[in-house]
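Below is one structure; the comments refer to it alone.
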Amino acid sequence: MPIIEVENFTKQYPLPDSKNETFFAVDGVSLHIDKGEIFGILGPNGAGKTTTLEMLEGLTDIDGGHATIDGIDVQSHPFKVKKIIGVQLQANEYFDNLSLVELLTLFGALYKREIDPSTLLEKVQLLDKAKAKARPANLSGGQKQRFSIACALVNEPKVLFLDEPTTGLDPQAKRNLWELVTELNNSGMTIVLTTHNMEEAESLCQRIAIMDHGKIVAEGTPQHLILQHAPEPPEAPLHGNLEDVFLTLTGHALRD
Amino acid sequence: MPTKLQLHLSKVFLKIFLRDRQSIFFSLFFPIIFMTVFGFANSGGQDPINVGVVNDSDAVVAAEFVQQLIDNPIFNVTVGVEDSLRGELEEGDQTMVLVLPEVFSNQNLDQDSTELRLLVDAAQVQQLGLILPVLEQTLIEIEREFRNTEPMFNLAIEDVQARSQSYLDFLLPGLMAFTLMQLSIAGSGFNIVEYRRKGILKRLFVTPIQPKDFITAIVLARMSIILIQLAVLIAFAVLILDVRMIGSIVEFFFVVILGTFIFLNLGFCLGSIAKTQQAVILVGNIVIFPQIFLSGVFYPISSMPELIQPIAYVLPLSFVATGMRDIANEGASLLTILPSLLGIAVWLVIGFVLATRLFVWKEVAN
Chain A
1 MPIIEVENFT
11 KQYPLPDSKN
21 ETFFAVDGVS
31 LHIDKGEIFG
41 ILGPNGAGKT
51 TTLEMLEGLT
61 DIDGGHATID
71 GIDVQSHPFK
81 VKKIIGVQLQ
91 ANEYFDNLSL
101 VELLTLFGAL
111 YKREIDPSTL
121 LEKVQLLDKA
131 KAKARPANLS
141 GGQKQRFSIA
151 CALVNEPKVL
161 FLDEPTTGLD
171 PQAKRNLWEL
181 VTELNNSGMT
191 IVLTTHNMEE
201 AESLCQRIAI
211 MDHGKIVAEG
221 TPQHLILQHA
231 PEPPEAPLHG
241 NLEDVFLTLT
251 GHALRD
Chain B
257 MPTKLQLHLS
267 KVFLKIFLRD
277 RQSIFFSLFF
287 PIIFMTVFGF
297 ANSGGQDPIN
307 VGVVNDSDAV
317 VAAEFVQQLI
327 DNPIFNVTVG
337 VEDSLRGELE
347 EGDQTMVLVL
357 PEVFSNQNLD
367 QDSTELRLLV
377 DAAQVQQLGL
387 ILPVLEQTLI
397 EIEREFRNTE
407 PMFNLAIEDV
417 QARSQSYLDF
427 LLPGLMAFTL
437 MQLSIAGSGF
447 NIVEYRRKGI
457 LKRLFVTPIQ
467 PKDFITAIVL
477 ARMSIILIQL
487 AVLIAFAVLI
497 LDVRMIGSIV
507 EFFFVVILGT
517 FIFLNLGFCL
527 GSIAKTQQAV
537 ILVGNIVIFP
547 QIFLSGVFYP
557 ISSMPELIQP
567 IAYVLPLSFV
577 ATGMRDIANE
587 GASLLTILPS
597 LLGIAVWLVI
607 GFVLATRLFV
617 WKEVAN
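Same order as they appear, the protein sequences are chains A and B.
Residue numbering for the first sequence follows our numbering, starting at 1 and increasing by one per position.
Residue numbering for the second sequence follows our numbering, starting at 257 and increasing by one per position.
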């Protein structure tokens, strides 16, 4: 049963060079994300992944199409949607001068909820840090990402959006974050994440959509995509993996 | 009334602001240094008074008298002929010219008093009130010396001058108004830009927080801090620098609160327009800088060129500073500063309308 339904999303931006012309950052994207799945959106930089997420989160105006999350229309009831989603953005800076516990309490208050910061911090393995009265500035990259997720969990969201959660993390931190995401998913939470990490998409996501130039170029389970799009054995006899699929579909040209 | 959420948020912001020790220190540091420097500069002795002396007498006593005047540190004596000294007086180089008549000598000590002519410039009349007693005092002392008499009474001199209004008294309310303007504009405008640059506003935007909750919280927290900071400054000025505040402190703070609202609003406008920290500082200076000079903070607006005065009088800081000064210096009540309050009210409306137009939550957050 789909919890997120996106029909024909479009978003236009003026071209950086000439203000009069526009280009489609998101160009007719439709998605059906099932309740309880981990759904990955893959794509090179500038493919429209983040814009698509931001349209769902209410951050960016929807130029065309429409979407519902848990049956609520995203465009007409943004505040109802905000109550049931948790969001981790690419930038994850917080107020200076507030400790982890204080920040979590603050986020709880924004949802008018009394929360228990230590339970959340324990869930993301930051309880020690919190006991040392750490502030976000004192955390490492991986710890910061886990803290961001803790902040996104204060309202016990039905859907959790993670925008490139493992970019810039070392392998240990990356694995650790995958475990956390899997754990959350096991408790029934729907998770939508963007990534350019093939390994992440392959091992973490139950279904993925590959985006390029604002369009979805392929969608399905990782195995399905590999079977369908991986280069024929003569071309790549030993490595029929998802990265090959990705490159076959989006080309080898470098992106900005 | 603020909601529970708004109060909670205000407390959080208060915590954030209070933990920024450095900016709290510097926001107090500048006005305190400023007041202290002015306090000391004004408590120092006066510059010597330029006095021209025309000695028409050839008596030894007259020469001694002139010497005494020269030795007196209060006077800066120029001896010369009447015509040229009169010219200097007219040009303002001399404050007054004292003419010793030909008959000036100790021959007639026991007779009628000798008339000394004192030429003054009408433009210097205000100063004259201060100088004359000093001059008379000096003459009496000189006379006593000539007569060899001891004074009947000896005054142990304490500060005999009645407590007149000092420059610091004038400066304090203006400086308070200026400080509250800076703190308010920085407190709303600069903070918003910082939070946006860091992506904090974006993060807040994806939670169900309403922009009015966010704004109310910042306003309440900033307001509390500014009131505390001003109270510290006033306590310092009154207790340490002996600045006098006549009017009601409650009414004074009423004007402070209104002023803070105006400049917090203007700060929100700046924060919404300017996208970078550099831009907000530049735009902020465009608002702050002219008002430092034009709003009667350091000297009265009435002493400014006529052409500028109409503009100067309607600046927001002018209304706030004038209102605060009338209360502090003259003991005016809210009723008597009604014109200032009306000006403040108009700026409150302008600021509020602009701020609500410019502060679009989605655009500011992104």
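Quick reminder that beta carbons are idealized off the backbone N, C-alpha and C, glycines included.
No Cβ-Cβ contact shorter than 8 Å links Val181 (chain A) with Arg146 (chain A). Excluding its 5 nearest sequence neighbours in each direction, Ile216 (chain A) has C-beta neighbours in its own chain below 6 Å: Val29 and Ala209, listed in chain order. Within the same chain, Cβ atoms closer than 8 Å to the Cβ of Leu42 (chain A) are found at Lys49, Thr194, Thr195, His196, Met198, Ala201, Ile208, Ala209, Ile210, Met211 and Phe246, the five residues on either side in sequence being excluded. Pairing Lys531 (chain B) with Leu457 (chain B), the inter-Cα distance amounts to about 13 Å. Three or more Cβ pairs closer than 8 Å define a contact, and the region 485–504 of chain B falls short of that threshold against the region 445–463 of chain B. At a cut-off of 8 Å between beta carbons, Leu227 (chain A) makes no contact with chain B.
Here Ala218 (chain A) has Ala209, Ile210, Leu225, Gln228, His229, Val245 and Leu249 as same chain residues with Cβ atoms under 8 Å from its own Cβ, once five neighbours each way along the sequence are excluded. For Val609 (chain B), the enclosing alpha helix (DSSP H) begins and ends at Leu594 to Leu614. Note on the region 102–174 of chain A: whole alpha helix (DSSP H) runs with a minimum of 4 residues are 117–123, 127–131 and 141–152, in chain order. Interface criterion not met: the Cβ of Thr532 (chain B) is under 8 Å from no Cβ in chain A. Residue contact check for Lys19 (chain A) against chain B: no CB pair falls below 8 Å. Annotation: the continuous alpha helix (DSSP H) that includes Ala584 (chain B) extends over Pro572 to Glu586. Look at the region 492–561 of chain B and you find these whole runs of alpha helix (DSSP H), each 4 residues long or longer: 505–529 and 533–550. Pairing Val26 (chain A) with Glu57 (chain A) gives a Cβ-Cβ distance that is not under 8 Å. Secondary-structure assignment with DSSP links Arg373 (chain B) through a beta bridge to B:Val355.
Chain A has a Cβ within less than 8 Å of the Cβ of Asp276 (chain B). From the beta-carbon of Phe95 (chain A), the residues of chain B found nearer than 7 Å are Ile272 and Ile456. Contact between the region 597–604 of chain B and the region 568–585 of chain B is established, with three or more Cβ pairs separated by less than 8 Å.
Secondary-structure assignment with DSSP links Met211 (chain A) through a beta bridge to A:Ile216. Contact between the region 60–77 of chain A and the region 6–24 of chain A is present: 3 or more CB-CB pairs across the two stretches fall below 8 Å. Cβ atoms of Ser266 (chain B) and Ala477 (chain B) come within 8 Å of each other, at about 5 Å. By the neighbour-count criterion, in which 16 or more other beta carbons inside 10 Å mark a residue as buried, Arg373 (chain B) falls on the exposed side.
The three-state secondary structure of Lys454 (chain B), taken from DSSP, is coil. For the C-beta of Arg459 (chain B), the chain A residues within less than 7 Å are, from N- to C-terminus, Leu89.
The Cβ of Ile606 (chain B) sits no closer than 8 Å to any Cβ of chain A. Neighbours of Glu57 (chain A) across chain B, judged by C-beta separation under 7 Å: Val462. Linking Thr60 (chain A) to Gln547 (chain B) through their CA atoms gives a straight-line distance of about 39 Å. Among the residues of chain A, those whose CB is under 7 Å from the CB of Leu261 (chain B) are Ala109 and Lys112, following chain order.
Cα atoms of Pro78 (chain A) and Glu114 (chain A): separation of roughly 23 Å, rounded to the nearest angstrom. Taking all protein chains shown into account, Pro287 (chain B) has 16 or more neighbouring C-beta atoms within 10 Å of its C-beta and is therefore buried.
Ala584 (chain B) is classed as buried because its beta carbon has at least 16 other beta carbons within 10 Å across all chains shown.
Following the DSSP letters along the chain, one finds His252 (chain A) in no alpha helix (DSSP H), marked with neither H nor E.
The beta carbon of Glu371 (chain B) sits closer than 7 Å to those of Pro357, all from its chain and outside the five residues before and after it, given in chain order. Tyr423 (chain B) sits in a helix when the DSSP states are folded into three classes.
Separation of Phe39 (chain A) and Leu31 (chain A) (C-alpha to C-alpha, rounded to the nearest whole angstrom) is 10 Å. The Cβ-Cβ distance between Ala132 (chain A) and Leu121 (chain A) does not fall below 8 Å.
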